[in-house]
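K.L.:
Would you mind keeping the following structure in view while I ask a few things?
Protein chains: 2
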Amino acid sequence: MKSYERLLEHNIKPSMQRIAIMEYLMDNPIHPSADDIYTALSPSMPTLSKTTVYNTLKLFSEQGAALMLTIDEKNTNFDADTSVHSHFLCRRCGHIYDLKCPEAIKQVENVDMDGHQVSEVHYYYKGICKNCLSKDKETRID
Amino acid sequence: MKSYERLLEHNIKPSMQRIAIMEYLMDNPIHPSADDIYTALSPSMPTLSKTTVYNTLKLFSEQGAALMLTIDEKNTNFDADTSVHSHFLCRRCGHIYDLKCPEAIKQVENVDMDGHQVSEVHYYYKGICKNCLSKDKETRID
DNA sequence: GTGCTTGCAAATCGTTTGCAATAGC
DNA sequence: GCTATTGCAAACGATTTGCAAGCAC
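So the protein sequences, as listed, match chains A and B.
For reference, each letter of the first sequence is one residue, going 6 to 147 in this note's numbering.
For reference, each letter of the second sequence is one residue, going 6 to 147 in this note's numbering.
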């Protein structure tokens, strides 16, 4: 069970709840919010509380086991993929896409940060996603 | 008066409140929150309401006259400098620093965005700032 | 049984909404 | 006078807190 090992790797003591939340994050790379996770797990874990979801996600991000994304002004979103990559938020449909981090950027970390010690990097892009763009084309009257 | 012209440039009809808020943003490039701005202006504008500050900042960011930063999970911060640059948040003191956007990154926009139409770019770094680092050194017992 | 984890209910707080009062052309 | 802007009070909603109960070693 991958999620279990993932917790150990990040010095997080496993519990039923923690395993379930990590598993959900790893199996559903859709950048869910705390509420999304609670709603998804609640049916199969009726005693799960939202507080536990919040506590657990906070723990994960502190331990580096998940990324806390603040790309969407309305919600905090979570990502089990902690490798260096960028995110794109569609202003129309609200989806968050993963983007390869452009090669040019990868070199940049820890270089020329003006003396600050960097431990987290977030590259956010916002606009209209290609799916919403193509819907525009379909319905346009030329 | 610079802030007045700035509003016109972005098709924002000037008003006392809008001018004051833009002026505060331009004169205080400390990435204030809505509440910071309200608190700062309130003494000299006793009838100013927080609602107006929120409405105005929303308008500014929609019109491209200011950036809405979501680097800090707790607060939304605003920046009158809309040129391409990065931000660094110190986890210890909470300050947000402007950073030159590394040359390598500047080229990247609108390139290889996987077909998505990008209208906003946010580069966020988090960690411990150089000032907090040097305080650590002073008090360390070697 | 000690300490960590969980979960409920209540509180918090930044932000938004509804709507009436006001200002500007 | 008509339209946009402002501001108050109330609502909202995501997240946090206090604390009691449960679990694990």
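Ideal Cβ placement from N, Cα and C applies to all residues, glycine included.
Measure the C-alpha to C-alpha separation of residue 42 of chain B and residue 124 of chain A and round it to an integer number of angstroms.
P.N.:
Roughly 29 angstroms between the two C-alpha positions.
K.L.:
Using a Cβ cut-off of 7 angstroms, pull out every chain A residue sitting near residue 132 of chain B, in sequence order please.
P.N.:
Close partners of residue 132 of chain B in chain A (Cβ separation under 7 angstroms): 121, 122, 123, 124 and 125.
K.L.:
Flag this pair as touching only if the region 95 to 102 of chain B and the region 125 to 138 of chain B have three or more C-beta atom pairs under 8 angstroms; answer yes or no.
P.N.:
yes
K.L.:
Three-state secondary structure (DSSP) at residue 118 of chain B?
P.N.:
Coil.
K.L.:
Pick helix, strand or coil for residue 95 of chain B, following the three-state DSSP scheme.
P.N.:
Residue 95 of chain B falls in the strand class under three-state DSSP.
K.L.:
Pull up the distance between the alpha-carbon of residue 86 of chain B and that of residue 25 of chain A, whole angstroms please.
P.N.:
43 angstroms
K.L.:
For chain B, find out if any of its Cβ atoms is closer than 8 angstroms to the Cβ of residue 93 of chain A; answer yes or no.
P.N.:
yes
K.L.:
Please list, in chain order, all residues of the same chain as residue 36 of chain A whose beta carbon is under 7 angstroms from its beta carbon, the five residues on each side excluded.
P.N.:
74, 82, 83, 84 and 101
K.L.:
Out of A/48, A/93, A/16 and A/53, which one is the CA nearest neighbour of residue 66 of chain A?
P.N.:
A/16
K.L.:
Can you list the residues of chain B that residue 87 of chain A reaches, using a CB-CB cut of under 8 angstroms?
P.N.:
Ordered by position in chain B, no residue passes the 8 angstroms Cβ test against residue 87 of chain A, which lies about 14 angstroms from the chain.
K.L.:
Please name the residue in B/94, B/32 and B/14 whose C-alpha comes closest to that of residue 121 of chain A.
P.N.:
B/94
K.L.:
Within the same chain, show all residues whose beta-carbon is closer than 6 angstroms to that of residue 103 of chain B, passing over the 5 residues directly before and after it, in chain order.
P.N.:
90
K.L.:
Suppose the cutoff is 8 angstroms on Cβ atoms and the five residues either side in sequence are ignored; what does the same chain contact list for residue 29 of chain B look like?
P.N.:
37, 42, 45 and 46
K.L.:
Counting contacts by CB-CB distance shorter than 8 angstroms, is residue 128 of chain B in contact with chain A?
P.N.:
Judged by the 8 angstroms Cβ criterion, residue 128 of chain B is in contact with chain A.
K.L.:
Evaluate residue 21 of chain B with the Cβ neighbour count: other Cβ atoms within 10 Å of its Cβ, from every protein chain shown; 16 or more gives buried, anything less gives exposed.
P.N.:
exposed
K.L.:
Determine the closest residue to residue 92 of chain A out of A/31, A/34, A/130 and A/9, with distance taken between C-alpha atoms.
P.N.:
A/130
K.L.:
Quick one, which residues of the region 59 to 81 of chain A are near chain B if we go by CB-CB under 9 angstroms, in chain order?
P.N.:
73, 75, 76, 77, 78 and 81
K.L.:
Mark residue 88 of chain B as exposed unless 16 or more other C-beta atoms lie within 10 angstroms of its C-beta, in which case mark it buried.
P.N.:
exposed
K.L.:
In terms of residues, what are the limits of the alpha helix (DSSP H) holding residue 7 of chain B?
P.N.:
7 to 14
K.L.:
Chain A partners of residue 104 of chain B, CB-CB under 9 angstroms?
P.N.:
117, 118, 119 and 121
K.L.:
Looking at the structure shown, is residue 54 of chain B part of a helix, part of a strand, or coil, going by DSSP?
P.N.:
coil
K.L.:
For a contact meaning CB atoms closer than 7 angstroms, what does residue 138 of chain A contact in chain B?
P.N.:
In chain order: 122.
K.L.:
Anything in chain B within Cβ reach of residue 55 of chain A, meaning under 8 angstroms, just list it in chain order.
P.N.:
Those do not exist, as residue 55 of chain A stays about 17 angstroms from chain B at its closest Cβ, beyond 8 angstroms.
K.L.:
Would you identify the three-state DSSP class for residue 80 of chain A, choosing helix, strand or coil?
P.N.:
coil
K.L.:
For residue 8 of chain A, count neighbouring Cβ atoms within 10 angstroms of its own Cβ and tell me buried if that reaches 16, exposed if not.
P.N.:
Flag for residue 8 of chain A reads buried.
K.L.:
If you follow the beta strand (DSSP E) that residue 101 of chain A is in, where does it begin and where does it stop?
P.N.:
Run containing residue 101 of chain A: 101 to 104, per the beta strand (DSSP E) assignment.
K.L.:
When the cut-off is 8 angstroms and only beta carbons count, does residue 18 of chain B lie next to chain A?
P.N.:
no
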